[in-house]
Structures are given as C-alpha cells and as structure tokens.
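One structure is given here, and the rest of the page talks about it.
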Amino acid sequence: MRYKMKKFLVSLEKDIQRRELFFSQRNTQDFEVFNAINTMTQDLTSLGNLFDIIKFAQYYGRNVTKGEIGCTLSHLAIYQKIADDETINERDYALVCEDDALFAENFQQVIQEIVKQPMGADIILTGQSKILEFNHIELEINYPSTFKFLQKKIANSGYRYSYPYRNYFAGTVCYLITKAAAKRFLAELTNGRLPFWLADDFILFNEKFKLNTAIIRPLLAIENPVLTSNLENSRGSLNNNLFKKLLKYPLKKLLAFKRNL
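Following the UniProt record's numbering, the numbering of the sequence shown begins with 1 at its first residue and continues without gaps.
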C-alpha cells in the first residue's frame with residue numbers, strides 16, 4: 001500500500017448503539033471516531049455565529065435545519081483534522097464515514113486498491129444514502145454514468161469508477177476526499193466567512209469550489225437498513241416515478257458519456 005489511509009467515523013457521542021453496530025463490521029478497527037457536533041440543543045441565534053443561516057436560505061430557497069448545520073460543521077471539522085495532519089500528502093485520500101454505513105463484503109480490499117492507483121478525482125463517492133442495495137437499479141436509471149466498458153476498472157476487483165452524468169446530492173454516508181480538497185473547503189472560511197452549504201451538495205462543490213467528484217459502481221457502502229427509517233418510503237420511489245425517470249434516462253446517459261470522454 002502506498003500509504004496508510006486515515007479513516008474517520010462521524011458519530012454523535014450519545015449514539016453508542018450505532019457505533020457498536022458499525023464496529024461489528026470487519027476491518028473497522030482503524031477508524032478514528034469523531035464526536036459529531038450536536039446542534040440540536042442550541043438556538044438558531046447561537047448557531048448563526050457558526051453557520052450562515054441567511055445565505056443558506058437565499059441559496060436553497062428554504063430554511064436550514066439544526067441537523068443540517070451540525071452535519072456540515074462536523075464534516076468541516078474533520079477536514080480541518082485532515083489539513084492539519086502532516087502525515088497526509090496533498091493528493092492522499094482520507095475516508096469519511098457516518099455511523100449508519102453498511103459496507104459491502106469486499107469493502108476493505110477495494111479501498112486498498114483505490115489507494116494504490118491514482119484516481120485524479122478530488123472526492124470519490126464510495127457510498128450513497130437512500131439506496132436499498134449496493135447495485136440497485138435506481139443507481140443506473142437516476143444517477144447514470146458512462147457505458148460500463150468505458151468506466152475505469154479498479155484493479156483486482158469487479159468495481160469501476162467514473163464521473164456521473166452530473167454531480168448530485170448523494171448523502172455523506174461514505175466518501176473519500178483528498179487533503180487538497182479538504183483545504184479547499186477551509187479556504188472558503190477565511191476572512192470571517194461562514195459555511196452556508198449542505199454537507200453533500202456536490203453540485204455546489206463542483207461549480208463553486210471546482211472539485212471533481214467521481215463515483216464507484218457498484219456502491220461500497222449504503223445506509224444500514226437496521227438504522228434507517230426513511231428507506232421504506234424510498235422503496236416506492238422508483239416504481240412511482242419509473243416512467244418519468246426512463247424518459248430522462250437517454251439524455252442523462254448521453255451527458256455521462258460526454259463527461260467521461
């Protein structure tokens with residue numbers, strides 16, 4: 001292995017059971033637990049000193065929730081740890097997971113292969129939220145990439161990486177980020193500026209921060225259904241909108257093909 005990847009687990013200090021379930025999975029002993037920032041007991045006035053609530057509303061057209069603020073602040077705090085770690089080089093990846101992550105059987109093996117071969121992307125989405133299976137049909141219909149034979153193979157595995165047809169909100173259940181990308185986020189917080197973005201707004205990160213986000217297929221991590229209450233609703237999502245999604249699919253596939261050329 002070219003370097004020993006740093007791995008971070010985001011988890012609220014009170015969520016002991018969730019952490020126990022996470023660490024019951026194989027090859028998780030080297031994760032560093034980061035106690036997520038709990039914003040639920042704070043009022044919005046005090047949170048306004050840490051997060052730009054007004055700019056969020058202007059950009060997203062709605063009010064931010066306390067949980068969303070806590071999520072963004074927690075991930076930024078991890079980026080600070082990555083930036084401050086002198087053992088991590090600029091293009092080295094660190095792995096960030098949330099405590100509801102359920103790993104594929106060969107998760108560790110594939111992660112090790114990713115470390116060995118340069119990907120070029122600033123962020124690699126190894127997991128996704130609100131997806132029922134590691135290779136669910138929803139991934140191809142709603143979030144397609146280029147044709148499989150044009151996707152880049154991850155050595156010694158059946159996994160491939162590429163760019164999606166466009167960046168999208170994929171959740172923060174599990175992803176890789178380079179030290180350079182982590183520092184790019186922190187650069188947005190200089191001169192008294194506050195964060196205003198959702199932690200998984202990969203569209204904004206590409207358009208504003210110029211960060212390239214790649215995807216892994218099949219997924220290496222999904223939300224653990226034991227912990228996730230909103231999966232039941234997403235089960236009907238594909239069927240209810242299947243016709244509309246299929247109408248959009250050819251254009252999405254073409255855009256993905258062009259983006260990966």
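Every residue gets a Cβ at the ideal spot worked out from N, C-alpha and C, and that includes glycine.
Query                                                                                   : Result
Contact under 7 Å by Cβ, T39 with I69                                                   : yes
Per DSSP, the bridge partner or partners of C174                                        : C97
Boundaries (first-last residue) of the beta strand (DSSP E) holding I137                : No beta strand (DSSP E) holds I137; the alpha helix (DSSP H) holding it covers 137-142.
With 16 other Cβ atoms within 10 Å as the buried cut-off, status of S11                 : buried
8 Å contact criterion, which D52 and P195 should meet: CB distance rounded              : 7 Å
Of the residues R62, A104, L47, the one placed nearest F22, counting alpha carbons only : A104
Residue range of the alpha helix (DSSP H) that includes Y79                             : 66-84
Alpha-carbon spacing of D148 relative to Q17, whole angstroms                           : Just to set this straight, residue 148 is Lys in the shown sequence, not Asp. Going from the Cα of K148 to the Cα of Q17 covers about 39 Å.
Nearest-angstrom Cα separation, counted from E188 out to I154                           : 33 Å
Residue range of the alpha helix (DSSP H) that includes N206                            : 202-207
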